[in-house]
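Heads up, my numbering is the position in the sequence shown plus 3, with the first residue counted as 1.
Heads up, the beta-carbon is just placed ideally off N, CA and C, and yes, glycines get one too.
In this text, all values refer to a predicted model and were calculated from it rather than measured experimentally.
Taking it in order: structure first as structure tokens, then the write-up.
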Amino acid sequence: MDNMEKVCVLCGEPLSRYGNKKINGGMLCRNCIKAASPWLEDEDYLKMDLEAFKKHLDYRNANLEKIDAFHCDKKVEGKYTLYLDEENKDFVISKRKDIKKENADVLKLDDIGEISIYEEGYPDSDDVDICFAVKMNGGQIEDIRFRVNEFPGLEKGGKDHEKSIKLAMDYLDAFENEDGLDFEQVEGE
Ligand SMILES: [Zn+2]
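Shown next as structure tokens:
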């Protein structure tokens, strides 16, 4: 590795051992990704070049005003909480309690493409996780995916398994109760 590869392509600071992200054309340091959306996954970073990442940061900057104007009228609480702004037709999903401080992504209900609830298994056990995913049409955030159960690995048919399915359905109901939204339930994946 030469020196060029050991510095962040955005700020030029040396990379630390952990917490860097690889993008198309180099590495970003831990500090530079702090402002990025928590919904970005490693594959999303890999798809971005430096220009695309700068655009993402512009989007995150513009989100500061949106989260400031966000008014929650309804929420469904869990490890991740769903917040709905029914007047502006916006929603936020975040595991942090202070969504303004966190600059949580404010997304449009109208931009939702598909919602799915599915179970994810483990290779060496029968345990499962309940997952909730929202696919967005266009915009900076393509996909929101998260584990509904607080701790990984639920025993099928157990109390926590049932509780997590109910919570996932509560999220779905809250979305469906908004005008003009109707989602088909997708089983498995
Ligand atoms: Zn940096």
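Item                                                                                                                              : Value
Where the alpha helix (DSSP H) through Met172 begins and ends                                                                     : Lys162 to Glu179
Among Ser40, Val131 and Gly124, the one whose alpha carbon lies nearest that of Val95                                             : Ser40
Secondary structure of Lys78, DSSP reduced to three states                                                                        : strand
Proximity test, Leu13 beta-carbon vs ligand 1 heavy atom, cut-off 8 Å                                                             : yes
Contacts around Lys204, its chain only, beta-carbon distance under 7 Å, and the 5 residues preceding and following it disregarded : Because residue 204 is not part of the residues shown, which for the chain are 4 to 192, the question remains open.
Neighbourhood of Glu192 by C-beta, 7 Å cutoff - its chain only, sequence neighbours within 5 removed                              : Below a pLDDT of 50, predicted positions are generally treated as unreliable, and Glu192, at 44, falls in that range; the measurement from the model is reported next regardless. Closer than 7 Å at Cβ, skipping near neighbours: Ser119 and Tyr121.
Beta-carbon spacing of Asn23, Leu31 below 9 Å                                                                                     : yes
Inter-stretch contact (C-beta, 8 Å, three-pair minimum) for the region 141-153 and the region 99-107                              : no
Minimum C-alpha distance to Ile70 - residue among Lys57, Ala107, Leu112 and Phe149                                                : Ala107
Cut-off 8 Å between Cβ atoms - residues of its own chain near Asp45, not counting five sequence neighbours on either side         : Lys24 and Lys25
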